[in-house]
Amino acid sequence: MLKKVPVLGEIPLLGALFRSKNEKGQKREVIIVITPSVLPDESPSHEAMPKDEDLFDRFGHRLFRDAYRIRSEDTFDLRYLTENKGLRRLQEVADRIVTDHRQLENSYPYENFAKGAVPGEGALVRRQIYEVLKRQDAAKVLDREKLIFFRRDEALGSGFKVRFLADYLRQEAPFVLTEKGDGRAVGLCFRMTRDAMGAEELLEEPVPEIKVVSCPDERSWRQLLMASNKSKGWKGRKQVIFLRHLGDLERLKHAVLMKKIISLNTADYILKLKNFTRGRLLRMPTVREEDVELIDADVATCFYHSELYYPALQEALQIDYQALRRALEGSPYGKGIIHP
1152 MLKKVPVLGE IPLLGALFRS KNEKGQKREV IIVITPSVLP DESPSHEAMP KDEDLFDRFG
1212 HRLFRDAYRI RSEDTFDLRY LTENKGLRRL QEVADRIVTD HRQLENSYPY ENFAKGAVPG
1272 EGALVRRQIY EVLKRQDAAK VLDREKLIFF RRDEALGSGF KVRFLADYLR QEAPFVLTEK
1332 GDGRAVGLCF RMTRDAMGAE ELLEEPVPEI KVVSCPDERS WRQLLMASNK SKGWKGRKQV
1392 IFLRHLGDLE RLKHAVLMKK IISLNTADYI LKLKNFTRGR LLRMPTVREE DVELIDADVA
1452 TCFYHSELYY PALQEALQID YQALRRALEG SPYGKGIIHP
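Using our numbering, you'd call the opening residue of the sequence shown number 1152 and step up by one each time.
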């Protein structure tokens, strides 16, 4: 605070003799109270759960990957499945078996029931990831002109070459590049050969078989997807994409991003329902317009599950239930389950 004698305090140089300055400071003490609490990892919600706000996402950082915090609207109400008494009973049996026989922990069919696993849960998680991407409008950055697939190299008689999907469609199936299509669909069929022992079979999976089929309406398209992707045993496994128009190309772009998200978050972890819960951070891929993306069998799986996740779940439940019941026949673990 400045005090001075009127008139005299304004005189240059000499005025300083008639002025005085007082400084006052005030100290404040801030106390931060930290209250520790135990947050069980398996619990989907707790008192420290952040709000479903964009503020808690992480986008645009130069040194860290983008991340999206899963919200309540991103997860399905699956209590009809997770609280089913029959499923829980089989999960308990599978837990006892893998506890007593550690070598079976990662063996089929026990791995699909033990430690809270649910048969077919991967299809449900993929669909939920698809919904997240749709709400984020994430596929708009991905250029459909940069989608590629492999074609067999007929000139060399072996190996394969890269082909841009948009160029192929302009030449062979221009109807896919229209808004409504013309009652046909282009099918890309990937035969799953990951369990094959031969080198030739190993190199067959990345190269799809391509065929144009009749597909007059939405119902026909769904029937084609379901019939073509239905499990036919390990030797007959295949994943098929059917493209009718630009809408299906948008779904294909989402499927490419779904595959990238699953890879970033580790498939064995994120494709579990117990891990895809509200409040968890989902690492998101960084996509640039110049990026070139490959269409493969994993993308085809994401494409199928983005639409027909429920039939895929139903099929997996039926197959895995039967497989586990067969494995329990004649064992002490099957008492009260095989013959209640």
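Quick reminder that beta carbons are idealized off the backbone N, C-alpha and C, glycines included.
Problem - Strand pairing of serine 1365, partner residues [DSSP] - result: Stepping through the sequence shown from its first residue, residue 1365 is reached at position 214. Bridge partners of serine 1365: Arg1335.
Practice task
Closer than 8 Å by C-beta to serine 1457: which residues in its own chain qualify, once you throw out the five before and the five after it? Chain order, please.
Solution key: Here residue 1457 corresponds to residue number 306 of the sequence shown, with the count starting at 1. Here the set comprises Arg1277, Arg1278, Tyr1281, Arg1402, His1405, Ala1406 and Met1409.
Practice task
Would you mind reading off the limits of the alpha helix (DSSP H) that contains aspartate 1318?
Solution key: Here residue 1318 is taken as the residue at index 167 of the sequence shown, counted from 1. Where aspartate 1318 is concerned, the enclosing alpha helix (DSSP H) stretches over 1316 to 1323.
Problem - Span separating the alpha-carbon of tyrosine 1460 from that of isoleucine 1182 - result: Indexing the sequence shown from 1 puts residue 1460 at position 309. Indexing the sequence shown from 1 puts residue 1182 at position 31. Looking at the two C-alpha atoms, the distance is approximately 52 Å.
Problem - At least three beta-carbon pairs within less than 8 Å, the segment 1356 to 1375 to the segment 1321 to 1337 - result: Here the segment 1356 to 1375 makes contact with the segment 1321 to 1337; the two share three or more CB pairs at distances below 8 Å.
Problem - Spatial neighbours of leucine 1284 in its chain, beta-carbon cut-off 6 Å, leaving aside the 5 residues before and after - result: In the sequence shown, the residue the question calls residue 1284 occupies position 133. Counting only Cβ-Cβ distances below 6 Å, and skipping sequence neighbours, we find His1405 and Leu1408.
Handout entry: Beta-bridge pairing of phenylalanine 1264 - partner residues as DSSP gives them
Key = Here residue 1264 refers to the residue found at position 113 of the sequence shown. BP columns for phenylalanine 1264 are empty, so no partner.
Practice task
Go to phenylalanine 1454, then tell me how far its alpha helix (DSSP H) extends in each direction, as first and last residue.
Solution key: Your numbering for residue 1454 matches position 303 in the sequence shown. Element bounds for phenylalanine 1454: 1448 to 1458.
Practice task
Within the segment 1216 to 1298, note down every full beta strand (DSSP E) run reaching 3 residues or more, in order along the chain.
Solution key: The qualifying runs are 1217 to 1220.
Exercise for the section: Going by CA-CA distance only, name the one from Arg1239, Gly1273, Ala1463 and Thr1452 that's closest to lysine 1266. Expected result: For this step, residue 1266 is matched to residue 115 along the sequence shown. It is Arg1239.
Practice task
Over the uninterrupted beta strand (DSSP E) stretch that includes valine 1407, give me the two end residues.
Solution key: Within the sequence shown, residue 1407 is the residue found at index 256, counting from 1. First-last for valine 1407: 1397 to 1415, but that is the alpha helix (DSSP H), not the beta strand (DSSP E).
Exercise for the section: For leucine 1353, count neighbouring Cβ atoms within 10 angstroms of its own Cβ and tell me buried if that reaches 16, exposed if not. Expected result: Along the sequence shown, one-based indexing puts residue 1353 at 202. When all chains shown are included, leucine 1353 counts as exposed.
Practice task
Report whether the distance from the Cβ of arginine 1239 to the nearest heavy atom of the ligand MG is below 7 Å.
Solution key: The ligand content of the structure shown is nil, which means the ligand MG is not present either.
Problem - Rounded C-alpha distance that separates threonine 1329 from aspartate 1368 - result: Reading the sequence shown from its first residue, position 178 is the one you call residue 1329. Reading the sequence shown from its first residue, position 217 is the one you call residue 1368. Going from the Cα of threonine 1329 to the Cα of aspartate 1368 covers about 15 Å.
Problem - Neighbour-count burial assignment, tyrosine 1261, 16 or more Cβ in a 10 Å radius - result: Here the question's residue 1261 lines up with position 110 in the sequence shown. Flag for tyrosine 1261 reads buried.
Problem - glycine 1430 beta carbon less than 8 Å from that of isoleucine 1221 - result: On the sequence shown, residue 1221 is found 70 positions in, with the first residue counted as 1. On the sequence shown, residue 1430 is found 279 positions in, with the first residue counted as 1. In this structure, glycine 1430 lies closer than 8 Å to isoleucine 1221 by Cβ.
Exercise for the section: Would you mind giving the Cβ-Cβ distance between phenylalanine 1300 and isoleucine 1488, rounded to the nearest angstrom? I have them listed as a contact below 8 Å. Expected result: Position 149 of the sequence shown, counted from the start, is the residue given in the question as residue 1300. Position 337 of the sequence shown, counted from the start, is the residue given in the question as residue 1488. In fact, because the Cβ distance is near 45 Å, the residues do not count as touching under 8 Å.
Exercise for the section: Can you give me the start and stop residues for the alpha helix (DSSP H) that isoleucine 1421 sits inside? Expected result: Here residue 1421 is taken as the residue at index 270 of the sequence shown, counted from 1. Segment 1418 to 1421, the alpha helix (DSSP H) holding isoleucine 1421.
Exercise for the section: For my contact list, leucine 1479 and valine 1244 are in at a C-beta cut-off of 8 Å; report their separation, rounded to the angstrom. Expected result: Position 328 of the sequence shown, counted from the first residue, corresponds to residue 1479. Position 93 of the sequence shown, counted from the first residue, corresponds to residue 1244. About 7 Å separates the two Cβ atoms, so the contact holds.
Problem - Cβ-Cβ separation, arginine 1395 to alanine 1467 (assumed contact under 8 Å), whole Å - result: Translated into the one-based positions of the sequence shown, residue 1467 becomes position 316. Translated into the one-based positions of the sequence shown, residue 1395 becomes position 244. Actually they do not touch by this definition, with Cβ atoms about 26 Å apart.
Practice task
Could you round the C-beta distance between valine 1438 and leucine 1293 to whole angstroms and report it? I think they count as a contact, below 8 Å.
Solution key: As a first step, residue 1438 is located in the sequence shown; it is residue number 287 there, counting from the start. As a first step, residue 1293 is located in the sequence shown; it is residue number 142 there, counting from the start. About 6 Å separates the two Cβ atoms, so the contact holds.
Handout entry: Per-residue burial, proline 1436 [other beta carbons within 10 Å of its own, 16 or more giving buried]
Key = Position 285 of the sequence shown holds residue 1436. With 16 or more Cβ atoms within 10 Å of its Cβ, proline 1436 is classed as buried.
Practice task
Pull up the DSSP beta-bridge partners for phenylalanine 1311, would you.
Solution key: Position 160 of the sequence shown, counted from the start, is the residue given in the question as residue 1311. DSSP, once it has assigned bridges, lists Arg1303 as partnering phenylalanine 1311.
Handout entry: Residues near proline 1491 in its chain [Cβ-Cβ closer than 7 Å; skip 5 each side]
Key = Looking up residue 1491 in the sequence shown gives position 340. Per-residue confidence for proline 1491 stands at a pLDDT of 49, beneath the threshold of 50, marking its modelled position as unreliable; no derived number is given.
Handout entry: 7 Å Cβ shell around isoleucine 1248 - same chain, five flanking residues per side excluded
Key = Position 97 of the sequence shown holds residue 1248. Leu1255, Tyr1261 and Tyr1484, listed in sequence order.
Practice task
Write down the C-beta distance between alanine 1451 and leucine 1339 rounded to the nearest angstrom, noting that I regard them as a contact closer than 8 Å.
Solution key: Start at 1 with the first residue of the sequence shown, and residue 1451 comes out as number 300. Start at 1 with the first residue of the sequence shown, and residue 1339 comes out as number 188. The Cβ separation is near 7 Å, so the contact holds.
Practice task
With DSSP collapsed to three states, give me the class of leucine 1206.
Solution key: Numbered from its first residue, the sequence shown carries residue 1206 at position 55. Low confidence applies to leucine 1206: its pLDDT is 47, below 50, so where it sits in the model is not reliable, and the reading given next is rough at best. Here leucine 1206 sits in helix by DSSP.
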